[in-house]
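Notes follow the structure.
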Amino acid sequence: MYQLVLTTSSPHAELAIFKDDQDVFLARNVLPRTHSDWIHVALQEGLAATGLSLNGFHSIALDMGPGSFTGVRVGASLARALGFSLGLPIFAVSSLDILQSQFQSQAQSQSQSQGPSCAMINAYKNKVYFSANRQPAEAIPLEKAASFLHSFQGKLAGDAFQAYPELASAAQKANLLLPRQEAEIYPSAKLLARLAAAAPERTLADWTQVQPLYVRESEPEEKRARSLEKP
Numbered sequence: 013m014y015q016l017v018l019t020t021s022s023p024h025a026e027l028a029i030f031k032d033d034q035d036v037f038l039a040r041n042v043l044p045r046t047h048s049d050w051i052h053v054a055l056q057e058g059l060a061a062t063g064l065s066l067n068g069f070h071s072i073a074l075d076m077g078p079g080s081f082t083g084v085r086v087g088a089s090l091a092r093a094l095g096f097s098l099g100l101p102i103f104a105v106s107s108l109d110i111l112q113s114q115f116q117s118q119a120q121s122q123s124q125s126q127g128p129s130c131a132m133i134n135a136y137k138n139k140v141y142f143s144a145n146r147q148p149a150e151a152i153p154l155e156k157a158a159s160f161l162h163s164f165q166g167k168l169a170g171d172a173f174q175a176y177p178e179l180a181s182a183a184q185k186a187n188l189l190l191p192r193q194e195a196e197i198y199p200s201a202k203l204l205a206r207l208a209a210a211a212p213e214r215t216l217a218d219w220t221q222v223q224p225l226y227v228r229e230s231e232p233e234e235k236r237a238r239s240l241e242k243p
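So for the sequence shown, my numbering puts the first residue at 13; every next one is plus one.
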């Protein structure tokens, strides 16, 4: 069973091909704002390396955001196009859930229950995309995120701590360990594939049900909304 795995919501995008639970191809792009050019080349390279055709895939796993508006759209557009043309089921999950799932994986491997976790992704303009304990994603101001950390005791993930020194300082004052490893900072294809493998079949969707998760409006949309509010 071959699965195409796409995570393009962050500055570090990955496209992987998994056979059962093993990755047989992995491509990564660490150049922000180039995911749209890179992803189709990476897919062609993956097909060539594995000897597959597009008809060889059985499903798609997608990081549906939130994150970079363009990045989220790139992954979702490819997943929807392939889902439509090939009739492939799609497993779509939040980037914040992907980040927090690594702590669940660690806990399971150690025969422990998952403790509190929190993921924060840079949403720019002094905002972060936020989820604690796998709750639905939301966009919150930087001040609210820092205030949350003052009383939080658990594991942290996401790139917001690198983007905003205030958050890193708040975490350190609360004696929290900052994300250091790349998998703790950016959603990875390996974590996404692991989530997809464990997901019930009912969570698979057809392409019509898959939409990018933006959480907040883009900057042009926010500017337009503000202009309409003016008398």
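Beta carbons are placed, not taken as given, at the ideal position from N, Cα and C, and that holds for glycine.
Close-in-space but distant-in-sequence residues of the same chain around residue i (CB under 7 Å, 5 per side omitted)
i	result
A131	L108, L111, Q112, S143, A169 and G170
Q122	Only weak support is given to the placement of Q122: the predicted model assigns it a pLDDT of 45, under 50, and the question is left unresolved by the model.
N67	L98
V86	T20, H47, S48 and I51
P153	N138 and K139
G58	L27, I29, F37 and A39
P191	L168, A169, G170, F173 and I197
R146	D109 and Q112
Neighbourhood of residue i by C-beta distance below 8 Å, restricted to the same chain and skipping five residues each side
i	result
E245	In this structure the chain extends from 13 to 243, so residue 245 is not present and cannot be described.
S71	M13, Q15, L16, L100, P101, I102, F103, A208 and L216
DSSP three-state assignment for residue i, whether helix, strand or coil
i	result
A157	helix
S123	Low local confidence applies: a pLDDT of 43 at S123 is under 50, so the model's placement there is unreliable, with the coordinate-based value given in what follows. If DSSP states are grouped into helix, strand and coil, S123 belongs with coil.
V140	strand
D49	helix
N145	coil
S181	helix
A211	coil
E229	coil
A104	strand
N67	helix
S97	helix
G40	In the sequence on display, residue 40 carries Arg and not Gly. In the structure shown, R40 sits in a strand (DSSP, three-state: E or B).
R238	Bear in mind that a pLDDT of 48 at R238, under 50, signals an unreliable position, so the model cannot answer this.
S129	strand
A135	strand
Residue i Cβ short of 6 Å to the ligand FMN heavy atom set
i	result
A54	As presented, the structure is devoid of all ligands, the ligand FMN included, so that no description of it is given.
Buried or exposed by the 16-neighbour rule on C-beta atoms within 10 Å, applied to residue i
i	result
K167	buried
P76	For the sequence presented, residue 76 should be read as Met rather than Pro. M76 comes out buried.
Q165	exposed
S129	buried
A208	buried
P224	buried
R206	buried
Q116	buried
Contact set for residue i: own chain, Cβ-Cβ below 6 Å, skip 5 residues either direction
i	result
N134	D171, A172 and A175
R92	W219 and V222
E196	A169
L188	L168
G127	G166
Rounded distance between the beta-carbons of residue j and residue i, thought under 8 Å
i	j	result
A54	A39	4 Å
Q15	A73	6 Å
F81	Y226	6 Å
L204	V105	7 Å
G79	S22	5 Å
P101	A217	7 Å
D35	M13	With 8 Å as the limit, D35 and M13 do not qualify as a contact, their Cβ atoms being about 13 Å apart.
A151	Y141	6 Å
Is it true that the stretch 42-51 meets the stretch 95-105, where meeting means three or more beta-carbon pairs spaced less than 8 Å apart?
no
Any contact of the stretch 179-187 with the stretch 146-163, i.e. 3+ C-beta pairs under 8 Å?
yes
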